[in-house]
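Note that the protein sequences, when read in sequence, are chains A and B. According to this note's numbering, the first sequence holds residues 1 to 115 in order. According to this note's numbering, the second sequence holds residues 116 to 233 in order. Where a beta carbon is used, it is the ideal one built from N, C-alpha and C, also for glycine. Here the structure is laid out as structure tokens; the discussion comes afterwards.
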Amino acid sequence: DVKVTQSSRYLVKRTGEKVFLECVQDMDHENMFWYRQDPGLGLRLIYFSYDVKMKEKGDIPEGYSVSREKKERFSLILESASTNQTSMYLCASRPPWGQGRSPLHFGNGTRLTVT
Amino acid sequence: AQTVTQSQPEMSVQEAETVTLSCTYDTSESDYYLFWYKQPPSRQMILVIRQEAYKQQNATENRFSVNFQKAAKSFSLKISDSQLGDAAMYFCAYRSSPINFGNEKLTFGTGTRLTIIP
């Protein structure tokens with residue numbers, strides 16, 4: 001079974017702090033994603049990556065950046081955390097784009113609170 | 116841009132009964148994929164069922180089936196013989212054909228919270 005591991009289940013940070021959310025997958029998937037989940041808004045894509053050192057902006061990239069130095073690891077970075085970034089963050093991975101019917105495999109989410 | 120609409124924020128069903136969750140989407144593409152994901156209280160998103168747009172036959176996975184109406188852009192999920200473990204948030208999602216390289220993202224609806232009444 002594919003395992004996608006997010007380093008923290010709950011995180012509390014202060015406004016202005018630099019925050020790192022880490023995600024590791026163990027199935028050698030090329031594609032990795034960061035979503036944000038908010039009540040009434042569903043899941044919205046922040047960034048995705050289809051290879052090492054490659055990244056693409058999603059629908060809501062403002063205030064975020066990402067890093068993919070190794071295939072198995074995809075990090076989401078909040079350069080200067082703000083209260084409107086309080087949310088649930090979900091990481092996901094999937095096999096290469098040619099296998100379009102392949103579903104996303106998700107981590108358990110990190111609930112981030114910025115105070 | 117594609118959009119996915121789930122018009123039922125909450126639904127409830129008696130245990131062992133059948134429930135249908137609605138999903139509509141908007142797209143100009145002819146080839147795409149549709150998914151239903153389940154998110155229980157554990158927060159782990161789990162794939163329930165998927166449908167390829169080029170297939171006319173509705174997908175079925177045990178107690179879960181879909182009613183895919185391509186012309187109407189509708190993709191509803193039917194859960195038969197509802198069980199307590201089915202209680203979760205359900206998300207409908209759309210993905211473009213992989214022919215469109217770089218069009219990797221899944222577009223999600225806002226979700227339907229399903230409660231199972233014992």
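- Note on A:TYR10: under 16 other CB atoms within 10 angstroms of its CB, so exposed under the neighbour-count rule.
- Taking a contact to require three or more Cβ pairs closer than 8 Å, the segment 74-94 of chain A and the segment 132-143 of chain B do not qualify as touching.
- The three-state reading of DSSP puts B:LEU221 in strand, counting E and B together.
- At a beta-carbon threshold of 7 Å, none of the residues of chain B lie near A:ASN84; the nearest stands roughly 18 Å away.
- Separation of A:ASP59 and A:MET32 (C-alpha to C-alpha, rounded to the nearest whole angstrom) is 15 Å.
- For A:ASP38, the enclosing beta strand (DSSP E) has its first and last residue at 31-38.
- Following the DSSP letters along the chain, one finds B:TYR169 in no beta strand (DSSP E), marked with neither H nor E.
- With contacts defined by Cβ atoms closer than 9 Å, B:ARG158 and A:ASN108 form a contacting pair.
- Across the structure, B:LEU149 and A:LYS3 are spaced so that their CA atoms are roughly 23 Å apart.
- Of the other Cβ atoms in all chains shown, fewer than 16 fall within 10 Å of the Cβ of B:LYS170; this residue is therefore exposed.
- Beta-carbon to beta-carbon, B:LEU162 and B:TYR152 are separated by about 6 Å, close enough to satisfy the 8 Å threshold.
- Here B:THR225 is near A:LEU41, since their CB atoms are less than 9 Å apart.
- Among the residues facing chain B, A:LEU90 is included, as its CB has a counterpart in that chain under 9 Å away.
- In this structure, the straight-line span from the alpha carbon of B:THR175 to that of B:ILE164 is close to 7 Å.
- Against A:LEU41, the close residues of chain B are THR225, in the order they occur along the chain (beta-carbon pairs closer than 8 Å).
- Here the segment 62-78 of chain A does not lie against the segment 124-132 of chain B, with fewer than 3 beta-carbon pairs under 8 Å apart.
- Sequence-ordered contacts of the segment 48-65 of chain A with chain B read PHE48, TYR50, GLU56, GLY58, ASP59 [C-beta pairs closer than 9 Å].
- What A:GLY109 touches in chain B, judged by beta-carbon distance under 7 Å, is ARG158, going in chain order.
- Rounded to the nearest angstrom, the gap between the Cα atoms of B:SER189 and B:PHE183 is 6 Å.
- Within 7 Å of the CB of A:PRO103, the CB atoms of chain B belong to PHE150, LEU162, ARG165, in sequence order along the chain.
- Residues of chain B whose Cβ lies closer than 7 Å to the Cβ of A:PHE106 are, in chain order, GLN159, MET160.
- Taking C-beta atoms as the reference points, A:TYR35 and B:PHE223 count as a pair closer than 9 Å.
- Contact between the segment 14-24 of chain A and the segment 190-203 of chain B is absent, with fewer than three C-beta pairs closer than 8 Å.
- It is roughly 9 Å from the alpha-carbon of B:SER195 to the alpha-carbon of B:ASN177.
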